[in-house]
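*Asks:* Counting in my numbering, the sequence shown runs from 15 upward without gaps. For glycine and all other residues, C-beta sits at the position ideal for the given N, C-alpha and C. Given the structure is predicted, the values throughout are model-derived calculations rather than measurements.
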Amino acid sequence: MSVIIVSDEHISAMLRFGFGDGWADEAFRVQLQTAANILREENTDSYNERYRQEHAEYVPCVIDYTQPEVSPVQVLKLLQCYEGNSDQLGTYHLSRAAEEIRRIREKAIRGLAGYDAARWEI
Numbered sequence: 015m016s017v018i019i020v021s022d023e024h025i026s027a028m029l030r031f032g033f034g035d036g037w038a039d040e041a042f043r044v045q046l047q048t049a050a051n052i053l054r055e056e057n058t059d060s061y062n063e064r065y066r067q068e069h070a071e072y073v074p075c076v077i078d079y080t081q082p083e084v085s086p087v088q089v090l091k092l093l094q095c096y097e098g099n100s101d102q103l104g105t106y107h108l109s110r111a112a113e114e115i116r117r118i119r120e121k122a123i124r125g126l127a128g129y130d131a132a133r134w135e136i
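In C-alpha cells form, the structure reads like this:
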C-alpha cells in the first residue's frame, strides 16, 4: 500500500471533531497544536519508513480553523485514512498519535445515529 502525508486540512478536520465546539478557543490552541504536531510527526515518520529513499522533512501542521465540523461517519473515514498512512513503523498502536486517534474514534462512535439507543448487551 502506498503511504501519503495527510494534509493540514485532514488533521484539522479530525481535531475539529475531537475537540468539539470550543476547538478554536484560545484556551485550547496550545493543546490543539501539540496534538496536530504529534499526528503530523507520526505520519511523517511512517512515510519515511515506507519510502526511505524519498525522505520527507517534518513540517509542523498548520491548523485550519475554518474547517467545518464533519459527521461522525466522515471522521471515522478520516481516522481510517490517517491510520492507514501512519502505521509503517510497527509501533504506531503504542504512540501518542494512536491515543489521540482512539479518543476521537470513541467520540465518533458515540455520535453515530442509534448508538445510544442500541443495547449494551444481548
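DSSP three-state call for Pro-74: helix, strand or coil?
*Replies:* Along the sequence shown, read from residue 1 onward, the residue named residue 74 stands at position 60. Pro-74: coil per DSSP, three-state reduction.
*Asks:* So, with DSSP's three-state summary, where would you put Gly-36?
*Replies:* Counting from 1 along the sequence shown, the entry for residue 36 is found at position 22. Three-state result, Gly-36: helix.
*Asks:* Which residue from Lys-121, Ala-132 and Gln-47 puts its Cα closest to that of Val-73?
*Replies:* To locate residue 73, count along the sequence shown from 1; it is residue 59. When Lys-121, Ala-132 and Gln-47 are compared, the shortest CA-CA separation from Val-73 is found for Gln-47.
*Asks:* Using only the alpha-carbon positions, how far apart do Arg-124 and Gln-67 sit?
*Replies:* Here the question's residue 124 lines up with position 110 in the sequence shown. Here the question's residue 67 lines up with position 53 in the sequence shown. Roughly 41 Å between the two C-alpha positions.
*Asks:* What are the boundary residues of the alpha helix (DSSP H) that Ile-104 is part of?
*Replies:* As a first step, residue 104 must be located in the sequence shown, where it is residue number 90. One point to set straight first is that residue 104 is Gly, not Ile, in the sequence displayed. It is not in any alpha helix (DSSP H) - Gly-104 carries neither H nor E in the DSSP assignment.
*Asks:* Do three or more CB pairs link the segment 37–56 to the segment 84–93 at distances below 8 Å?
*Replies:* no
*Asks:* Just to confirm, are Ala-122 and Phe-31 a CB contact at a threshold of 9 Å?
*Replies:* Position 108 of the sequence shown, counted from the first residue, corresponds to residue 122. Position 17 of the sequence shown, counted from the first residue, corresponds to residue 31. It is a contact, given that the beta carbons lie within the stated cut-off.
*Asks:* Looking at the structure shown, is Tyr-96 part of a helix, part of a strand, or coil, going by DSSP?
*Replies:* Residue numbering aside, residue 96 sits at position 82 when the sequence shown is read from its first letter. The answer is helix: DSSP assigns Tyr-96 an H, G or I state.
*Asks:* What does the alpha-carbon distance come out to for the pair Gly-36 and Glu-114?
*Replies:* Start at 1 with the first residue of the sequence shown, and residue 36 comes out as number 22. Start at 1 with the first residue of the sequence shown, and residue 114 comes out as number 100. Between Gly-36 and Glu-114, the C-alpha separation is close to 17 Å.
*Asks:* Is it buried or exposed, Ile-136, if we count other Cβ atoms within 10 angstroms and call 16 or more buried?
*Replies:* For this step, residue 136 is matched to residue 122 along the sequence shown. Exposed, because fewer than 16 other Cβ atoms sit within 10 Å of the Cβ of Ile-136.
*Asks:* Using the Cα positions of Trp-134 and Arg-116, report the straight-line distance between them to the nearest angstrom.
*Replies:* Indexing the sequence shown from 1 puts residue 134 at position 120. Indexing the sequence shown from 1 puts residue 116 at position 102. Distance between the alpha carbons of Trp-134 and Arg-116 is about 20 Å.
*Asks:* Identify, in the order they occur along the chain, each residue of the same chain with its Cβ nearer than 7 Å to the Cβ of Asn-62, setting aside the five sequence neighbours on each side.
*Replies:* Sequence index remark: in the sequence shown, residue 62 carries index 48 (1-based). Cβ within range, chain order: His-69 and Ala-70.
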